[in-house]
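See below for the structure under consideration.
Numbering (my numbering), first residue to last: 300 to 1176.
Next comes the structure, spelled out in structure tokens:
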């Protein structure tokens, strides 16, 4: 059956292949790894003079005195009295990795020896640190010096990092699936008939089901076909059809995939095509899994019911009568599902060099708003609490408290002092007239809320004639005050409340009664002090506390309302962006994290020298260059120009649009953050995963043409550096460039070109390898001569004529320059040495947009049903 090309499906994928550089390869020693070396040097936290001391220590304890290249590490010592410029990582590119490792071990030895010498106070007279030799770099027992721990951790990290090659390859691939025919599938129903038996097969069509099937075909297959190539590329969506031939059968087919699916194969050496076999295995398994899952899903959803009736059905039922015509043999009607056969092809249409790194907390910046939101949630959900106690309020503190809470409060009740009652005593008469007792009564009204705290008596008594008779002055309840004289007169002031506590703490209406005898003139005054009652003070304290409490409560709920408004606005801002904006924000954060960890801890997105070119008033607004003039002198313009060139290089050299990253769980973050990170929530599930990631693996794909420049940048640590000849990364870059130049240089369109080069057989793969060697030689020829060899010159013009030998089938290569499709065309006509053909006879061309590296068949159920009589059991599926 001919293939139905308009039903083809395309599933885009990629196979990532990390490269392992064999340690036995002498070229591995050429790796600069300037970035890792600079990170290690900065992590050691070298003190001023420590490098020179360490190098002397190494020379005393080793027969190898080749330590001079390490003197460059002095630039990485921490400055104390000056602000030193940050050294460029490129300064360490030429220092051997083994020398850096030996220096780190020597730093550990030296710091350990210094720590021990300080602990034992046993330093040599000449100040030389004793030698410590060890075969390993493991931390000494009893390690307590923080600087030793820092050095040990830095060396361990550096040793681990240099064992890994971050350079890899990403094969851009696609799986093309096309219908290749219909075949009988599994048995789904059987109707047995005895000799001469007649049965009625009831057939029902459910309009709703047909309607649903029509809707699925329209929405999922037709409307989504163009989008499917760039996003999901569904092979087929679920299709349902229910038909009742005395049975109810539900059939469907689903094959799904996702754009950008990245498979990981095993490690490869420097050969570009060594990962094809792994890619074929992974892709075949992936396609088989897709189709097998689809079939399993159909079987799970299928509902089969068999009905047989002996009588004619109702008028609204379509009935088919089946009779077994034989009088001796039984008969069986078998129903089978119809399986669609798919031809599956795995095509490689490009290759990218990759740089593989891992970064911590990829969503740290985006978490900040969530952390503040959690803070606002905690603040707004905290109940009001007033820590002040009533007992904390007193006469010396209440004003400060009132000022603290911003409220006006009543002052405490004040004591009343020196309230006087009494005065001159009238009606005594002359002494000779009346020598008896005179009684006097004074009323005292204590103010509400007060008590009597003190009573003073101020009295003057006597007689006119100064008769030497005994005079008496008695206060009822107190007695005779002292101070009565014998000279006929008496004047005194007496504190009545000190000795006997006269009327102390009395409240309400009180009376003072006193008696005079043998007195014909007197002036008696009582001075009374009143103090507030404890209950009055408690009432005042509680009133002040209540006022302070209400003020604090009102201020709290006002602040809570403001925080709630801020929280709602922040939550709206977090949940507001659309899906595309969320993905863009995440990608930008991954870009930032990749550059930070790729270029080292001292990398500045905006160096100080460039920041200084922005006028301070507009630095925060990003409005430095909006005027008519640039406002830079020649030196400033040059600094900005160099900086922008580096920005342009980093943005162009890396295919940020094809950035791949893999999120790792929250427990790769610092433990104190686990509870917060793992409970972060966001309406968008992908953003939630991003926020919860504790670490991320980032695979940077390098744009074609930038392979050598980028590897030189990261390995040598300097913008514009050149890799030395024989450098392993240079070889990888050249191979990737040569391979990629012969493939379609981008994502294929929705209707991909059907032209490809078959690489299914051993000879076909060898032909393509030989062709790549010729292509590399053609590029070298163009570099040397400015153009490719003409058709007349042919491949014989190349520096290595052996490359122009026959193809693996012994036939001559076909070379044309200029070509119809590209600058030149190189091809092999296959086994038959004729243009066109299939299988081993197919042509191998340099201009084909892709390479066919695998081909196989898969099956999925369809909605059709096949009927057969008396199928032999051996043929049943």
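From the three backbone atoms N, C-alpha and C, an ideal C-beta is built for every residue, glycine too.
Among the options, which residue has its Cα nearest to the Cα of residue i?
i	options	result
residue 840	696, 643, 669	696
residue 722	740, 834, 949	740
residue 912	903, 945, 897, 937	937
residue 1060	356, 494, 1142	1142
residue 757	790, 1068, 499, 406	790
residue 950	904, 878, 929	904
residue 749	983, 804, 1137	804
residue 865	724, 668, 1003, 952	668
residue 1169	490, 1159, 1127	490
residue 372	358, 390, 455, 743	390
residue 1008	654, 677, 745	654
residue 1147	847, 1070, 863, 934	1070
residue 968	674, 994, 651, 498	994
residue 670	974, 1160, 346, 345	974
residue 470	954, 881, 649, 986	649
Between residue i and the rest of its own chain, which residues show a CB-CB distance below 7 Å, the 5 nearest in sequence each way excluded?
i	result
residue 850	704, 705, 706
residue 656	465, 893, 896, 897, 997
residue 872	none
residue 1115	1090, 1123, 1124
residue 977	965, 991
residue 692	700, 840, 843, 844
CA-CA distance, residue i and residue j?
i	j	result
residue 643	residue 331	44 Å
residue 737	residue 797	26 Å
residue 356	residue 909	41 Å
residue 1091	residue 1122	15 Å
residue 1089	residue 317	38 Å
residue 461	residue 879	38 Å
residue 1084	residue 472	35 Å
residue 1096	residue 1136	30 Å
residue 1074	residue 334	34 Å
residue 752	residue 680	51 Å
residue 1014	residue 392	7 Å
residue 1140	residue 1173	39 Å
residue 1162	residue 311	27 Å
residue 1157	residue 1109	36 Å
residue 630	residue 1166	13 Å
residue 1106	residue 341	55 Å
residue 406	residue 659	28 Å
Using three-state DSSP, classify residue i as helix, strand or coil.
i	result
residue 958	coil
residue 1098	coil
residue 950	helix
residue 816	strand
residue 981	coil
residue 1149	coil
residue 641	strand
residue 473	strand
residue 1172	helix
residue 711	coil
residue 1112	coil
residue 654	strand
residue 368	helix
residue 314	strand
residue 625	coil
residue 827	strand
Can you name the start and end residues of the beta strand (DSSP E) that residue i belongs to?
i	result
residue 804	It is not in any beta strand (DSSP E) - residue 804 carries neither H nor E in the DSSP assignment.
residue 375	Here residue 375 belongs to no beta strand (DSSP E), and DSSP marks it neither H nor E.
residue 739	736-744
residue 1133	First-last for residue 1133: undefined, no H or E at that position.
residue 748	Run containing residue 748: none; DSSP gives neither H nor E here.
residue 772	771-774
Residues in its own chain within less than 8 Å of residue i by CB, not counting five upstream and five downstream?
i	result
residue 306	477, 478
residue 988	962
Once you ignore the five residues that flank residue i on each side, which residues in its own chain have a CB closer than 6 Å to its CB?
i	result
residue 719	824, 826
residue 339	453, 457
residue 806	745, 750
Tell me which residue opens and which closes the alpha helix (DSSP H) that residue i is part of.
i	result
residue 1071	1061-1084
residue 866	833-874
residue 357	349-359
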